[in-house]
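For reference, each letter of the sequence shown is one residue, going 21 to 178 in our numbering. Report on one structure; see the data block that follows.
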Amino acid sequence: MFVLFFLLSVVNVALESSHPLVMGMGLLVLTVMAVSLVVWYGSFYGFSLFMVMVGGVLVVFSYTISLVPYISEKKSKMSSEVSNFYDFLMVVLGLGFFCLVVIGLTMKENLSSFGLFSNMFYYTEDWSLATVWMSILLFLVMIFCVNVAGNYKGALCK
């Protein structure tokens, strides 16, 4: 419980930044936390949810970064935000490694107790419905990204 509270606190601090990379990393940490909770209920659903969310986030932030204008006067502020991003990344990676070590040390059974691959090929009507909804979600994220990138100003536009 403490680890979840600490991760949410770190993400809250990271989302106060205005740089798209730091905000993307915060969103990625939230995605990993959500997927780690979902993975306990089924590996295929957790993997599918993770791939849809990461794909959507990558598309959104690639378009967002391409629209950010290039300003050469603010190099010191940009470098400090990038250094804050690396500090945040190191904290998240260190905490993730710590969580893996704690889980590995406290687990008395082998990895098959997680049930990660036990129902990998179990595909029912509910799974097909979830796959359709995730496809619709990814399609809507793609439409949103195209609308965001429709602005004719930014780093890649003349």
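All residues carry an ideal CB built from backbone N, CA and C; glycine is no exception.
A contact is defined here as three or more CB-CB pairs under 8 Å, and the stretch 80-88 fails this definition with respect to the stretch 102-120.
If you draw a straight line from the Cα of Phe70 to the Cα of Val52, it is about 7 Å long.
Selection Trp153, Leu109, Gly114 and Leu41 evaluated against Thr84 yields Leu41 as nearest (Cα-Cα). The Cβ-Cβ distance between Met154 and Val72 falls below 8 Å. Around the beta carbon of Phe159, a 10 Å sphere encloses fewer than 16 other beta carbons of the protein chains shown; the residue is thus reported as exposed.
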